[in-house]
Amino acid sequence: MAGTAGSAGATGQLGANAPTLSIIGCGKLGRTLGRLWHDSRTFTLLDILNRSSASAQEASAFIGAGSAAASCAGLRNADVYLIAAGDDQIAACCNALAAAGKLQPGSIVFHCSGALSSLELAAASERGAAVASIHPIRSFAVPQQVAEHFAGTWCGSEGDAAALAVLGPAFNAIGAQLVSIHREQKTLYHAAAVFASNYQVTLIDIAQQAYVAAGIAPELALKLIEPLLSESAANAFRLGPAAALTGPIARGDMATVARQYQAVQEWQPQAAGLYQQFAALTSDLAQRKKNGAS
Numbered sequence: 001m002a003g004t005a006g007s008a009g010a011t012g013q014l015g016a017n018a019p020t021l022s023i024i025g026c027g028k029l030g031r032t033l034g035r036l037w038h039d040s041r042t043f044t045l046l047d048i049l050n051r052s053s054a055s056a057q058e059a060s061a062f063i064g065a066g067s068a069a070a071s072c073a074g075l076r077n078a079d080v081y082l083i084a085a086g087d088d089q090i091a092a093c094c095n096a097l098a099a100a101g102k103l104q105p106g107s108i109v110f111h112c113s114g115a116l117s118s119l120e121l122a123a124a125s126e127r128g129a130a131v132a133s134i135h136p137i138r139s140f141a142v143p144q145q146v147a148e149h150f151a152g153t154w155c156g157s158e159g160d161a162a163a164l165a166v167l168g169p170a171f172n173a174i175g176a177q178l179v180s181i182h183r184e185q186k187t188l189y190h191a192a193a194v195f196a197s198n199y200q201v202t203l204i205d206i207a208q209q210a211y212v213a214a215g216i217a218p219e220l221a222l223k224l225i226e227p228l229l230s231e232s233a234a235n236a237f238r239l240g241p242a243a244a245l246t247g248p249i250a251r252g253d254m255a256t257v258a259r260q261y262q263a264v265q266e267w268q269p270q271a272a273g274l275y276q277q278f279a280a281l282t283s284d285l286a287q288r289k290k291n292g293a294s
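UniProt numbering numbers the first residue of the sequence shown as 1 and each following residue consecutively.
1) With the cut-off set at 8 Å, would you say E120 and A161 are in Cβ contact?
2) Count the other CB atoms within 10 Å of the CB of R31; is the residue buried (16 or more) or exposed (fewer)?
3) Cutting at 6 Å between CB atoms, please list the residues of its own chain near P105, excluding the five before and the five after it.
4) Counting pairs of Cβ atoms below 8 Å between the segment 18 to 26 and the segment 34 to 42, do you hit three or more?
5) With distances taken from CA atoms, which of Q276, Y199, W37 is nearest E148?
6) Contact check, S113 vs A132 under 8 Å by CB: the rounded distance?
7) Does D47 come out as helix, strand or coil in the three-state DSSP assignment?
8) Can you tell which of A151, C94, T153 has the C-alpha that lies nearest to the C-alpha of A124?
9) May I ask you to list the residues that DSSP assigns as paired with E158?
10) Give me whichever residues DSSP pairs with H111 in a beta bridge.
11) Can you tell me whether K290 is buried or exposed, with buried defined as 16 or more other CB within 10 angstroms of its CB?
12) Going by DSSP, what residues sit across from T20 in a beta bridge?
13) By the DSSP assignment, the beta strand (DSSP E) with Q177 in it spans what residues?
14) For V257, count the other beta carbons within 10 Å of its own beta carbon; 16 or more makes it buried, fewer makes it exposed. Which is it?
15) Between which two residues does the alpha helix (DSSP H) holding N291 run?
16) Excluding the five sequence neighbours on either side, which residues of its own chain have a C-beta within less than 7 Å of the C-beta of I174, listed in chain order?
17) Per DSSP, A250 forms a beta bridge with which residues?
18) Near D284, which residues of its chain fall below 8 Å by C-beta distance, leaving aside the five closest residues on each side in sequence?
19) Please report the residue range of the alpha helix (DSSP H) in which F195 lies.
20) Between I108 and D79, which are expected to be in contact by the criterion C-beta below 8 Å, what is the C-beta distance as a whole number of angstroms?
21) Quick one: measure Cβ to Cβ for T34 and L45, integer angstroms, because I've assumed they're closer than 8 Å.
22) Candidates L49, G152, L224: which alpha carbon is nearest Y81's?
23) Under 7 Å Cβ to Cβ from Q265, same chain only, skipping five residues before and after it: list those, please.
24) Using a Cβ-Cβ cut-off of 6 Å (strictly less than) and excluding sequence neighbours within five positions of A69, which residues of its own chain qualify?
This is how it looks when you write it as structure tokens:
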């Protein structure tokens with residue numbers, strides 16, 4: 001390896017001489033991680049490659065280190081390369097990095113996509129580099145805030161052992177907690193996050209719409225939803241989903257469920273289909289509750 005990361009991988013520890021890092025596609029996520037690693041002296045940041053020199057310079061200023069590069073060919077050889085570009089650009093960036101001759105056996109290339117696996121980095125693997133994917137499970141909307149409160153962040157990780165031997169301690173150094181996932185199940189792993197985050201927001205929206213259709217003002221509807229949602233979620237995390245389940249299906253009151261389904265069908269057929277699907281899944285959960293599962 002070009003710098004010191006080889007010894008770090010051999011021991012599983014990051015030594016006093018930090019491995020070198022360059023970031024390709026240094027947006028909100030790249031800036032956050034770059035700043036955390038610079039402040040903790042986990043990596044020595046070399047170069048930042050963005051679509052524009054101005055953007056790369058802005059990222060460098062936020063991080064407090066790194067030089068703007070104009071192309072992959074202009075990158076200095078680094079021990080580790082983070083490709084933090086959008087999902088649709090990860091493979092192309094890796095191909096360009098490999099074509100520029102920046103990779104060799106012992107190099108490490110990784111990305112932070114939640115939806116894509118480390119197989120996107122095949123061009124790096126073909127040149128003997130170790131590859132990985134490490135996905136921080138949180139939003140990076142405001143890098144400054146995330147950097148201040150990153151400790152405790154869970155990260156789904158998979159990839160080559162040599163890459164994880166360096167990247168694991170690097171993420172631990174900034175307070176992350178890594179959980180190992182199967183490369184071939186990466187898409188399902190990301191779908192779980194979508195269920196827990198995006199679709200929860202959609203359910204809140206549908207519940208608000210139903211309250212409004214029932215004659216309640218939109219702002220008040222959210223106030224009615226909030227305690228139901230927060231208390232149900234708290235109970236599910238504390239007791240487990242099955243034990244936390246309440247409501248008509250948990251009580252076996254299927255007549256109420258049928259009336260509700262009919263009312264939703266008359267209001268919005270598309271939402272009625274969703275209600276029906278959730279009723280079936282909730283019935284399974286209620287059975288698990290009855291059987292004593294958590």
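Cβ atoms here follow ideal geometry from the backbone N, Cα and C, with glycine treated the same way.
Reading it off the structure:
1) Contact flag unset, no.
2) By the neighbour-count rule (16 or more Cβ atoms within 10 Å), R31 is buried.
3) Closer than 6 Å at the Cβ level, and outside the excluded window around P105, lie G128.
4) In this structure the segment 18 to 26 touches the segment 34 to 42; the number of beta carbon pairs closer than 8 Å is three or more.
5) For E148, the nearest C-alpha among the options comes from W37.
6) Contact between S113 and A132 fails: their C-beta atoms lie close to 11 Å from each other, not under 8 Å.
7) Under the three-state reduction of DSSP, D47 is assigned to strand.
8) Put simply, of A151, C94, T153 the residue whose alpha carbon is nearest the alpha carbon of A124 is C94.
9) S133.
10) Partner(s): I83, S133.
11) Here K290 is exposed, its C-beta having fewer than 16 other C-beta atoms within 10 Å.
12) Paired residues: T44.
13) Looking at the DSSP string, the run of the beta strand (DSSP E) that includes Q177 is 177 to 180.
14) Counting Cβ neighbours within 10 Å, V257 comes out buried, since at least 16 surround it.
15) First-last for N291: undefined, no H or E at that position.
16) Excluding positions up to five away in sequence, the list reads L36, W37, S40, T42, F150.
17) None, per the DSSP bridge assignment.
18) By the criterion of a C-beta distance shorter than 8 Å, D284 is surrounded by no residue of its chain, once the five residues flanking it on both sides are discounted.
19) Per DSSP, F195 belongs to the alpha helix (DSSP H) from 186 to 196.
20) At roughly 7 Å, the Cβ-Cβ gap stays under 8 Å, so I108 and D79 are in contact.
21) Checking the sequence, you will find Gly at residue 34 rather than Thr. Indeed, because the Cβ distance is near 6 Å, the residues count as touching under 8 Å.
22) Comparing Cα-Cα distances from Y81 to each of L49, G152, L224, the minimum goes to L49.
23) Contacts found: A272.
24) Cβ neighbours of A69 beyond the five flanking positions: D47, L49, L75.
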